[in-house]
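Chains A and B, in that order, give the protein sequences. So in numbering that gives the first Met the number 0, spot 60 of the first sequence is number 59, and the numbers just go up one at a time. So in numbering that gives the first Met the number 0, spot 1 of the second sequence is number 0, and the numbers just go up one at a time. Structure first, then comments.
There are 2 protein chains.
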Amino acid sequence: MSEAPWDRSRCSVAGTLAVVGEKWSLLVLREAFLGVRRFAEFQRVLGAPRAVLTDRLTRLVDEGILRRVPYQAEGERQRHEYRLTQKGIDLHPTLVALMAWGDKYLAEDGDVPVELRHRDCGEPVHLSLVCDAGHELSGARDVLPVPRVPGGGTDG
Amino acid sequence: MSEAPWDRSRCSVAGTLAVVGEKWSLLVLREAFLGVRRFAEFQRVLGAPRAVLTDRLTRLVDEGILRRVPYQAEGERQRHEYRLTQKGIDLHPTLVALMAWGDKYLAEDGDVPVELRHRDCGEPVHLSLVCDAGHELSGARDVLPVPRVPGGGTDG
DNA sequence: CGGGTCAGTTCGTCAAGTGAACTCAGCACG
DNA sequence: CGTGCTGAGTTCACTTGACGAACTGACCCG
Chain A
0 MSEAPWDRSR CSVAGTLAVV GEKWSLLVLR EAFLGVRRFA EFQRVLGAPR AVLTDRLTRL
60 VDEGILRRVP YQAEGERQRH EYRLTQKGID LHPTLVALMA WGDKYLAEDG DVPVELRHRD
120 CGEPVHLSLV CDAGHELSGA RDVLPVPRVP GGGTDG
Chain B
0 MSEAPWDRSR CSVAGTLAVV GEKWSLLVLR EAFLGVRRFA EFQRVLGAPR AVLTDRLTRL
60 VDEGILRRVP YQAEGERQRH EYRLTQKGID LHPTLVALMA WGDKYLAEDG DVPVELRHRD
120 CGEPVHLSLV CDAGHELSGA RDVLPVPRVP GGGTDG
């Protein structure tokens, strides 16, 4: 059942990448967050080969990240569309993080393709690292990774 | 120069994935954040083929995400090690986001391999989406994506 | 029944990942 | 000074996956 070479036991990053780390998977999700739901629409905006798209869509449905639901447009035949589940929606921070990095380093000339804003107040949003005590961390330097042995106690 | 099939013009997610979306790239970075610096160490903890590892390391150095610096251990010959640049450190939120999702959905039995804590106070840290007005967003629903045409004005 | 669209499969080709063996440099040992 | 060891990297044969175009099948329209 090892469908990926990544070592799941060592970190959740590997596990997550084993699920959505294949080519196109995260792009599919990106479009899903932008409202794309139908096969042909994914195909058009992504330009991915149909076979790959079928595979990724099926995979994401199998993983519970997308849901296939019947869909009936007016005057058209019934089709089905792909919609995000909660599990899929929870990948939003990942996409936001990827986008933020791309915005910073790949579009420094201000040519940001998509901007994220708070729906209520219209202000731009960004990711922030906070601890349970309410402190806002300034960066990776403030983070202490604590490895935990599976089955072992919480090492202080 | 199109080293990837992703459409860079549409979103920064695609651009970022074109840089670090290849197999093993993000895993290499994950280990880099955990303190791994030498080739053999990457090779051991990841189990990646050496050829691929060489390629990813070179690629990440070329992209300015890692830096190759000389390294001299006591009683050993001089070697070089790979260290994160600021550009690489800025990928930290991406890895945190991936890890958080994996922790939630792949290790629900509490078997979280690595926990991140605030270095100052020891409390667990998590990503949070905040807007420039200081509001903390509850999720992807509160986010409004605003597409911007390259070269066009800020469409309100 | 024929044409058109959406969704998906099949297939030949080509790029990429994989794992083992090989090379090369420098230190340790004798 | 030669031999062996280890870290870093390359080469190569094999397998997997991506690619793009053509094909199938369902369904609506006329």
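All C-beta atoms in this analysis are idealised placements derived from N, C-alpha and C, irrespective of residue type, glycine included.
Please state whether DSSP places P92/B in a helix, a strand or coil.
Looking at P92/B - three-state DSSP - the assignment turns out to be helix.
What residue from L136/B, D141/B, P123/B, R140/B has the CA that sits closest to H134/A's CA?
-> Measuring from the Cα of H134/A, the nearest candidate turns out to be P123/B.
Exercise. Below 8 Å between beta carbons: does that hold for V129/A and L136/A?
Worked result: Yes, the pair counts as a contact, with Cβ atoms nearer than the cut-off.
7 Å Cβ shell around P4/A - same chain, five flanking residues per side excluded
Confidence at P4/A is low in this model, with a pLDDT of 43, below 50, so its placement is unreliable and no value can be given for it.
Starting from L56/A, find everything on chain B with Cβ-Cβ shorter than 8 Å and list it in chain order.
Those do not exist, as L56/A stays about 17 Å from chain B at its closest Cβ, beyond 8 Å.
Query raised in the report: Under a three-way DSSP split, which group does L136/B fall into?
Result: Correct three-state label for L136/B: coil.
Check the Cβ of V68/B against every Cβ in chain A and list those closer than 8 Å, keeping chain order.
Within chain A, no residue has its beta carbon less than 8 Å from that of V68/B; the closest one is some 18 Å off.
(request) Answer yes or no: does any C-beta atom of chain A fall closer than 8 Å to that of G151/B? (result) Confidence is the limiting factor: at G151/B the pLDDT is only 49, short of 50, which leaves the residue's position unreliable, though a coordinate-based value still follows. Look at G151/B: its C-beta is not under 8 Å from any C-beta on chain A.
Subject >> DSSP beta-bridge partners of Q146/B >> reply: Looking at the sequence shown, residue 146/B is not Gln but Pro. Beta-bridge annotation (DSSP): P146/B is paired with V113/A.
Mapping the DSSP letters down to three states, classify R82/A as helix, strand or coil. It is a strand residue.
Under a CB-based cut-off of 8 Å, is L105/A close to chain B?
By this cut-off, L105/A is an interface position.
Given that a residue counts as buried once 16 or more other Cβ atoms are within 10 Å of its Cβ, and exposed if not, what is A132/A? A132/A should be labelled exposed.
- request: Report yes or no: is there a C-beta of chain B within less than 8 Å of the C-beta of A99/A?
  value: Yes, contact with chain B.
Practice item. Less than 8 Å between the CB atoms is what I'm expecting for R82/A and R66/A, so what's the real figure, rounded? Key: Sure, about 5 Å apart at Cβ, within 8 Å.
Next on the checklist: Whole angstroms are fine: how far does the CA of W100/B sit from the CA of L90/A?
Outcome noted: Their backbone Cα atoms lie some 7 Å apart in a straight line.
Quick check: what's the CA-CA separation for E62/B versus C10/B?
Each residue's alpha carbon lies about 19 Å from the other.
With a floor of 3 residues, list each beta strand (DSSP E) that falls wholly inside the stretch 17-87 of chain B, ordered by position along the chain. 65-71, 77-83, all fully within the stretch 17-87 of chain B.
Nearest to H125/A by CA position, among R118/B, L143/B, G121/B, K22/B, is which residue? For H125/A, the nearest C-alpha among the options comes from L143/B.
Margin query: Against F32/B, what residues of chain A qualify as contacts under a CB-to-CB distance less than 8 Å, listed in chain order?
Written below: The CB of F32/B comes closer than 8 Å to the CB of A139, P144 in chain A, given here in chain order.
Proximity below 8 Å, CB of F38/B to CB of L26/B:
The answer is no: Cβ separation not under 8 Å.
* Under 7 Å Cβ-Cβ, which residues of chain A neighbour A50/B? -> Within chain A, no residue comes near A50/B; the closest Cβ sits about 14 Å away, beyond 7 Å.
| message | Taking the beta strand (DSSP E) that C130/A belongs to, which residues open and close that run? | response | If you look at C130/A, you'll find it in the beta strand (DSSP E) that goes 124-130.
Own chain residues within Cβ distance below 6 Å of R78/B, not counting five before or after: Excluding five sequence positions before and after R78/B, the CB atoms of its chain that fall closer than 6 Å to its own CB belong to Y70, given in chain order.
query = Per DSSP, what kind of secondary structure is M0/A in: helix, strand or coil?
reply = Caution applies to M0/A, whose pLDDT of 37 falls short of 50 and renders its modelled position unreliable; the value that the coordinates give is listed next. DSSP places M0/A in coil when its eight states are reduced to three.
*Distance between A31/A and Q42/A (C-alpha atoms, nearest Å)*: Approximately 12 Å between the Cα atoms of the pair.
Q: Please confirm whether V12/B and M98/A have their CB atoms less than 8 Å apart.
A: When the beta-carbon positions are compared, V12/B and M98/A come within less than 8 Å of each other.
Where D119/B falls: helix, strand or coil (DSSP)
If DSSP states are grouped into helix, strand and coil, D119/B belongs with coil.
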